[in-house]
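Remarks on the structure that follows.
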Amino acid sequence: MSLLSALLALRRDPRILRLPPYVSALCILIGVGWLLLLPLNEYSRQTYVSENAILPGQVHTYFGGSEHNIFRAYRHEVAGLAESSEEERVGKLGDIFRSSGLKVAAQKYEYTAAGRNTTGKNVYAILQGPRADATEAVVLIAAWRNMDGVLNQSGVALVLTLARYFKRWSVWSKDIIFLIPSDSTAGPQAWVDAYHSGHDPETIESLPLKSGALQAAVAVDYPAGPWGHRFDKLHIIYDGINGQLPNLDLFNTAVSIASGQMGIGCTIQRMWNHRDTYSERLQTMLRGMLSAGLGHATGPHSSFIPYHVDAITLQTVGDGWHDEMSLGRTVESLFRSLNNLLEHLHQSFFLYLLMHANRFVSIGTYLPSAMLVAVSFTIASIALWVQSGQPTEKATVGVWHSDEADAKEQDVTVVEQDGMTALISTAELKVVERHMLLPIAFVSAAHFLGLLPLYVFTRASATTLTTTFYAFATSTALLPALSAVALSRLFAPTSQQWALTACFSLLLLGLFLSALATLNFSLAILVGVLGSPLCLVPALITSTPSRTSVPSTSVAAGADTSSSHRTTSTGIGGSVANVTLYVLLLAASPPALLLAACHYWNANVGAVLAAAGTAWHVQGAWTGVVVCLVWWPAWFVAAVGVAAGGLGL
Amino acid sequence: MLVFLLLPLSLLLVSWAEASAASSVSDYHERLLLRPLPQSALLASFNFRSNASSSSFEQQNFRYFPRSLGQILQHAHTKELHLRFSLGRWDAENWGARPWGRAREGGTGVELWAWVEADTEEAANARWLTLTNALSGLFCASLNFIDSTRTIRPVMTFEPEGTHSNASMRNLHLLHGTLPHEVVCTENLTPFLKLLPCKGKAGISSLLDGHKLFDANWQTMAVDVKPVCPEDGTECILQIEQTVDMVLDIERSKRPRDNPMPRPIPTEDLVCDNSKPYHGGDSCFPLDRTSEMSWSLNKVFGRPLKGSCPLTTEDGRDSETVCINVPHEREVQERTAADLVKKEHEDGYLRCYKISPNLDFDLILPEQYLSSNLPLSHPSLHAFRSITGHGQERGGVRAILTNPSLTSPVRFVYLESLPWFMKPYLHTLRATISSSTAPLPDQYLEPQQAPNTADPIKQMYYRPAVDRHRGTHLELLLELPPASTLTLTYDFEKSLLRYTEYPPDANRGFDVAPAVIRLLSSSSSSSSSNGSSLLGASEYLRTTSLLLPLPTPDFSMPYNVIILTSTVMALAFGSIFNILVRRFVAADEAPGYGLVSLKGRIWALAQRLKARLRGKGAKDE
C-alpha cells in the first residue's frame with residue numbers, strides 16, 4: 001500500500017513525464033535487438049517433422065531408367081513448343097497428358113492490372129487416385145514461365161514424365177493434379193481462385209474438371225534447356241501472399257527428402273552459400289522477413305497458401321552433379337509422403353522464421369519484438385494523453401502539511417477529509433477538459449485521405465505510375481505544411497489539441513501494428529521500425545510562443561520540457577529546429593523510403609509500383625493497404641504536427 | 001469405329017436376373033461377366049444369387065440362404081435389404097454406362113437401406129438400430145455408426161425391388177443410412193464371401209482375392225435381399241443377390257504379387273515414336289498402346305478359377321457361369337482339362353462358358369490389334385458435385401448435372417443427405433438450366449448462357465436438420481431438357497462442434513455422403529408427376545462424396561487456454577480486488593508510516609500491555 005501510494009505520488013513528478021520518449025526508444029531498441037538474438041543457437045531451434053504420418057524419405061523411389069528417355073523426349077517436345085502459340089501449346093501438353101490416361105482440361109484467364117492485360121491459359125490434368133474418392137487432392141505445378149520469365153523447360157517436362165509415371169502406381173489415396181499455368185503468378189492464382197469458386201467468371205473461366213479439397217501443392221522450377229543442366233542445390237521457396245507461410249512440416253519434409261534421401265543440398269532465401277554462421281543466419285532471416293513483409297508472390301506456390309493449401313516451390317540452382325532424375329525422385333518421394341497424410345497438414349508451425357534450411361524460430365519467440373515496437377507507439381500515445389490533461393499552469397507537486405502552508409504564497413485550496421485538513425494548490429485541483437472533436441476528426445480525415453493514394457496507385461496504368469509517384473511524393477512533402485496552415489487558420493487548434501491529434505494517431509498506429517503483428521509479423525515490424533521516428537517526433541517538437549499566455553509553461557506536445565525551455569527562449573531557433581525536424585521526417589516518409597529502397601536495390605519505382613498494383617489486383621496482397629492506410633496517415637499527422645510547430649502556429 | 005448403342009447389353013444381366021427368379025424355389029446361381037474397357041481396364045462383375053422359399057425361411061430352414069444373415073433379418077423384421085460397400089470412382093467418360101443398370105452400386109463407403117416392418121416409427125427406428133448393429137458385426141463394418149443423424153427416410157428415391165403386398169407395405173418403413181468415410185477393405189470381403197454357399201473355395205468366387213479386389217480402380221460389393229412372388233401365385237421366395245463389381249487395371253493386376261512395384265520398363269521394351277527428329281539412343285517419345293493387352297484370368301486375379309461351384313443349376317442359361325463381353329474378332333482361348341460348353345449371345349458380343357466343377361478353368365486373351373471396339377452404352381446423365389468457397393464459416397455446394405442426350409429429356413430424383421453440422425440455406429437453392437452446345441463431358445462448365453425460364457424443380461421434399469439428432473434430408477424431382485446442363489447450388493453454414501464431438505482425425509475434414517440420383521424411365525416423364533409415375537425401372541447414379549472442412553480447434557489449445565485464462569483471471573481478479581478493498585491516502589497522511597509505524601506499533605503494544613497489567617494490578621488491589 002505504501003508502495004502504491006508512493007507510486008501515485010509520482011504521477012505528477014516531472015521526471016516521470018519526461019520518461020515516455022525514452023521508454024519508447026528503449027522498446028524499439030529492445031524490439032530490434034530481440035531480432036538480433038534470434039539466430040543464436042539458444043533462441044532458434046532445429047527443425048523437425050512433427051506429423052508422424054508423413055514419414056519423409058521412408059519409401060524407395062523408382063523414378064529412373066527408361067523414364068529418363070521419356071523425360072528427354074518430353075523436354076524436346078517442350079522446347080519445340082517454346083515459340084508456338086498458346087492454343088497450340090495447351091493442345092499439345094493436353095495431348096501428352098491424355099496419352100498418359102489422365103483427364104485434361106484447360107482454363108483461360110485474363111487480368112487487368114496497372115493498365116496492363118495479363119492473359120493466359122492454364123492446362124491441367126487430374127490423376128484420379130485408385131484409392132481416392134475425389135475428396136482430397138495434391139497439386140504438382142510447373143509454370144510454363146518461371147518468376148524470371150524464363151521458359152521452365154525441364155520443369156514442365158518433368159511434370160509430364162511424372163504424370164505418366166505416377167499413373168502406373170496404385171498407391172495414390174489422393175488425386176494428383178498436374179498443373180501447367182502460363183506464368184508463375186497470375187496463372188496459378190486464376191486456377192486456385194476458380195478451384196475454390198472465388199473467381200470473377202467474366203474474366204476467368206470456371207474449371208471444367210475438379211477434384212477434392214487441396215491438401216498441398218508443390219511447384220517445380222527447373223529452367224534447363226533441351227540438353228539439360230546439372231544443378232547443385234534445391235532452392236526451396238516458401239513465402240506466400242501477405243507473408244502467409246505453408247505448414248513447416250511440408251518444408252521440413254522437402255528438406256529432409258532432398259538432403260537426407262537424395263543428397264541434394266537445400267537452401268532458402270537466395271542464400272546460395274550458407275555456412276550456418278550467425279551473420280548468414282541473420283541475413284537469411286531478414287531476407288525472409290523482407291519477402292514476407294512485401295507480401296508478394298515468390299513463386300507459383302504463393303497463390304495457394306491463402307486458401308490454406310500448403311505449398312512450396314522447388315527451384316534448382318547452381319552447377320553441380322544432380323540431374324533431372326534426382327529432382328524427379330525427390331518429387332516422387334515428396335508425393336509419397338503427402339499421400340500418407342491422413343489429415344490436412346496441421347501439426348507443425350504456420351508462423352515461423354527460417355534462418356537456415358534446418359533452423360527456425362517459432363512465433364512465441366519472435367513475436368515480442370514486433371509487439372515491443374508496436375507498444376512503443378502506444379506508450380508515446382499514452383504519454384501524450386496524460387500531458388494533454390495536464391494543467392497549463394505549472395504547479396508544484398507535493399502535499400503540504402498545515403504547518404508549512406503559510407510558507408508558500410500560492411493559490412491554495414483547503415481540503416478537509418476524515419477530520420484532517422490539507423492545503424492543495426488550486427492549479428492541481430483544476431480539471432483540464434480535453435477538446436477531442438477536432439483531433440478525432442483530423443486523424444480520421446488523415447486515414448481516409450490514405451484511400452486516395454491507394455486508389456490512385458492501384459488504378460493508374462504502368463506508364464503513368466512513375467509520374468504519379470513523383471506527384472504523390474511532392475504532395476506528401478507539401479501537404480502537411482499546407483494542412484497545418486489551413487488547420488490553424490480555420491480552427492486555430494490549441495497545443496492540447498495538437499497533442500491529442502498526435503496521441504490518437506499514435507494510438508491507432510500502435511493498435512494496427514500489434515494486430516498486424518499476429519497476421520504478418522514481418523510487415524508489422526517493418527512498418528514499426530520504419531515508422532519509429534513518429535513516436536519520438538512529438539517529444540521533439542518545440543513550440544514557439546503562440547496563443548498560450550505564459551510562454552514558459554507551454555507544454556505543447558513535448559515531454560522534453562528542458563528542451564522546450566531552451567528553445568522557446570529563442571523563438572527563431574525553435575523554428576529552425578522544427579524545420580530541420582520536418583526535413584528529417586520527410587526523409588522518413590513512405591515515398592522517400594520507397595525511393596531509397598528502389599535506389600538501393602536498383603529497381604525502377606514505376607516497375608515496383610506496377611508490381612504492387614498487380615499484386616493487389618491479382619493476388620490480393622494488402623501491403624499497399626497497410627502502407628497507405630496505416631503508415632502514411634500516421635506519418636502525415638506527425639508531419640502536420642511538426643509543420644505546425646515549425647510555423648509557429 | 002463401330003458406333004452404335006448397345007443398351008440391352010447393360011440391361012441384360014438385370015433381365016437375366018428377373019427372368020430366372022421364379023424358375024425354381026430353392027436354387028443357386030453365379031455368373032462372372034468380364035468386359036475389357038478402354039485404357040487397359042477390365043470390368044469384372046460377379047453375381048451370386050440364391051433363393052429360399054418363404055416357408056423354409058420362416059422355419060429357419062436355411063439351405064443356400066446364409067443363416068447368419070437370415071436370422072438377423074428375422075430378428076430385425078427386415079423384409080428387404082440393400083447393402084453396398086464401394087470404393088473408387090466409375091469413369092463414365094471412358095467406361096460408358098455402369099453394370100447392372102447402376103442398381104447394384106452405392107456411394108463411396110457403406111450405404112444401407114432397408115424396409116423394416118413395424119407398427120410405429122419408433123418401433124421401426126428401434127429395429128433399424130438392431131439391424132445396423134447386427135450387420136456391423138456380421139460385415140466387420142462400422143455400420144453401428146449409422147445413428148439417427150445419418151438415417152433418413154427417403155420419399156421418392158427408392159422403391160422396393162421385391163414384391164410386397166399392399167397390406168404389408170403399410171407397415172413397411174424405408175430407412176436409409178450412409179457412412180461415406182468407411183474404408184472398405186478385406187475385412188469386409190471375408191464375411192461377404194462366407195455368405196456364399198461355396199465360400200470362395202470353388203466357383204467364380206475362388207477368384208476373389210482381397211489384394212486384387214482392393215487394388216482395383218473401382219469396386220463395389222452389394223448384398224440385396226428381397227422377396228419375390230411369382231405371378232402365378234405360387235409360394236413367394238426370398239432372394240439374396242450378392243454382387244461384386246470391379247474395374248481392374250490389367251497392367252497393374254498382372255504384376256506379380258511379390259513384386260508389385262511399377263518399375264520403369266526396360267529401355268529396350270519402350271515403344272517409341274521413331275518419327276520424332278530427336279529420336280535416338282536416349283530419347284523416346286512413348287507411343288500409345290494400340291493393341292489390346294494380353295491377359296488371362298489367372299494372371300489378372302492372381303489365382304486360378306477352381307471350376308464351378310457344384311451347387312449351381314445344371315442346365316439352362318443360368319448354368320453358363322463365365323461370360324466375356326468382347327468384339328467378334330477378339331481371340332479368346334479357353335484352358336480347362338474338361339469339356340466345356342460355349343454359347344454366344346447378343347449378336348456374338350457375349351460369349352458364355354459352362355464350366356465343370358473341380359477343374360481349373362482359365363481364359364487367355366493374347367495381345368491383338370483390333371479394328372473395332374466394343375460398343376459401350378453411354379450414360380444418360382453426368383453428375384458432378386463439389387464444394388465451393390473456402391473458409392471456416394460458410395460454403396456452398398454446386399452440383400452440375402448434364403444430359404448428354406440430344407433428343408430425350410431426363411427426369412430424375414436428386415437426394416441429398418447432409419450431416420447436421422452442415423446447415424444448408426434452402427433459400428439459396430438455385431437450379432439453373434443452360435443448354436450446352438457440345439454435350440461432351442469435358443465441357444460441363446462451359447454452357448452457353450441461355451437460361452431456361454421453366455423451373456426444373458418439379459417437386460421438393462425437405463426435412464431440416466435438428467442439431468445432434470438428425471441430418472438434413474433433401475429430395476428434388478428435377479427435369480432436364482435434352483442437351484442441357486443443370487447447375488444446382490446452395491449455400492450452407494458450418495456449425496461449431498463440441499470439443500468431444502470431433503473424431504480423432506478432425507483435421508481431415510468431415511465426409512458428406514454422396515448425392516443419390518435416381519433416373520426415372522423416360523416413359524414416365526410424359527405423365528404427371530404424381531407418385532405412381534415414379535414406378536418403373538430406374539437407374540441410379542451417385543456423385544462422389546465431399547470433404548467438408550470444419551473449424552477445428554487446436555486440440556492442445558484447451559490446455560493452453562486454461563493456463564492463460566487462469567493466469568489472466570488471477571492477475572485481473574487480484575488487482576481489481578486489491579483496488580476495491582483498499583483505501584488510498586497520501587503516504588504521509590497515513591497514521592504511522594514506515595519505521596515510525598513499526599516503532600509506534602511496538603510502543604502501542606507495550607502501552608496496552610502495560611495498561612492491562614496495571615488494570616489487573618488495580619483489580620487485585
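As given, the protein sequences belong to chains D and F, one line each in that order. Read left to right, the first sequence gives residues 1 to 649 (UniProt numbering). Read left to right, the second sequence gives residues 1 to 621 (UniProt numbering). Ideal Cβ placement from N, Cα and C applies to all residues, glycine included. This one's a predicted model, so the numbers in the text were calculated from it and none came from an experiment.
Strand pairing of residue i, partner residues [DSSP]
{"i": "residue 622 of chain D", "result": "Answer is none; residue 622 of chain D lacks a bridge partner."}
{"i": "residue 491 of chain F", "result": "F/396 and F/425"}
{"i": "residue 325 of chain F", "result": "F/350"}
{"i": "residue 117 of chain D", "result": "D/112"}
{"i": "residue 113 of chain F", "result": "F/82 and F/176"}
Any C-beta of chain D under 8 Å from that of residue i
{"i": "residue 274 of chain F", "result": "no"}
{"i": "residue 209 of chain F", "result": "no"}
{"i": "residue 262 of chain F", "result": "yes"}
{"i": "residue 285 of chain F", "result": "yes"}
{"i": "residue 88 of chain F", "result": "yes"}
{"i": "residue 157 of chain F", "result": "no"}
{"i": "residue 402 of chain F", "result": "no"}
Short CB-CB distance (under 8 Å) between residue i and chain F
{"i": "residue 188 of chain D", "result": "no"}
{"i": "residue 168 of chain D", "result": "yes"}
{"i": "residue 600 of chain D", "result": "no"}
{"i": "residue 651 of chain D", "result": "Summary: the structure shown does not reach residue 651 of chain D, with chain D confined to residues 1 through 649, and so no result is reported for it."}
{"i": "residue 344 of chain D", "result": "yes"}
{"i": "residue 73 of chain D", "result": "yes"}
{"i": "residue 135 of chain D", "result": "yes"}
{"i": "residue 481 of chain D", "result": "no"}
Alpha helix (DSSP H) segment containing residue i, residue limits
{"i": "residue 600 of chain D", "result": "590-600"}
{"i": "residue 86 of chain D", "result": "86-99"}
{"i": "residue 328 of chain D", "result": "324-340"}
{"i": "residue 296 of chain D", "result": "Taken as a continuous stretch (DSSP letters only), residue 296 of chain D belongs to no alpha helix (DSSP H), as it is neither H nor E."}
Where the beta strand (DSSP E) through residue i begins and ends
{"i": "residue 411 of chain F", "result": "410-418"}
{"i": "residue 78 of chain F", "result": "78-88"}
{"i": "residue 169 of chain F", "result": "It is not in any beta strand (DSSP E) - residue 169 of chain F instead sits in the alpha helix (DSSP H) that spans 166-170."}
{"i": "residue 385 of chain F", "result": "382-388"}
Local Cβ density within 10 Å of residue i, reported as buried at 16 or more and exposed below that
{"i": "residue 576 of chain F", "result": "exposed"}
{"i": "residue 148 of chain D", "result": "exposed"}
{"i": "residue 602 of chain F", "result": "exposed"}
{"i": "residue 622 of chain D", "result": "buried"}
{"i": "residue 321 of chain D", "result": "exposed"}
{"i": "residue 247 of chain D", "result": "buried"}
{"i": "residue 35 of chain F", "result": "buried"}
{"i": "residue 289 of chain D", "result": "buried"}
{"i": "residue 221 of chain F", "result": "buried"}
{"i": "residue 479 of chain F", "result": "buried"}
Query raised in the report: For the stretch 625-634 of chain D against the stretch 130-150 of chain D, are there 3 or more C-beta pairs whose distance is under 8 Å?
Result: Counting C-beta pairs with one atom in each stretch, the stretch 625-634 of chain D and the stretch 130-150 of chain D have fewer than three that are closer than 8 Å, which means they do not touch.
Query raised in the report: Would the stretch 505-513 of chain F and the stretch 349-365 of chain F be scored as touching if the rule is three or more Cβ pairs under 8 Å?
Result: With contact defined as three or more Cβ pairs closer than 8 Å, the stretch 505-513 of chain F and the stretch 349-365 of chain F are not in contact.
Query raised in the report: Just checking, does the stretch 22-31 of chain D make contact with the stretch 325-338 of chain D on the three C-beta pairs under 8 Å criterion?
Result: The stretch 22-31 of chain D, when compared against the stretch 325-338 of chain D, does not touch it at the 8 Å Cβ threshold.
Requested in this report: Tell me, please, whether the stretch 501-510 of chain D touches the stretch 275-287 of chain D by the rule of three or more beta-carbon pairs shorter than 8 Å.
Outcome: No, because fewer than three Cβ pairs between the stretch 501-510 of chain D and the stretch 275-287 of chain D fall closer than 8 Å, the two stretches do not touch.
Requested in this report: Kindly confirm or deny that the stretch 231-239 of chain F and the stretch 199-212 of chain F touch, where touching means at least three C-beta pairs closer than 8 Å.
Outcome: Judged by pairs of C-beta atoms under 8 Å, the stretch 231-239 of chain F does not touch the stretch 199-212 of chain F, as fewer than three such pairs exist.
Query raised in the report: Counting Cβ pairs closer than 8 Å, one from the stretch 302-310 of chain D and one from the stretch 216-224 of chain D, do we hit at least three?
Result: At 8 Å Cβ cutoff, the stretches touch.
**Report entry** Touching by the beta-carbon criterion (3+ pairs, under 8 Å), the stretch 195-213 of chain D and the stretch 283-296 of chain D
**Finding:** Contact between the stretch 195-213 of chain D and the stretch 283-296 of chain D is absent, because fewer than three Cβ pairs lie under 8 Å.
Query raised in the report: When the Cβ atoms of the stretch 326-333 of chain D are set against those of the stretch 43-55 of chain D, are three or more pairs found closer than 8 Å?
Result: With a cut-off of 8 Å, the stretch 43-55 of chain D and the stretch 326-333 of chain D do not count as touching, because too few Cβ pairs lie within range.
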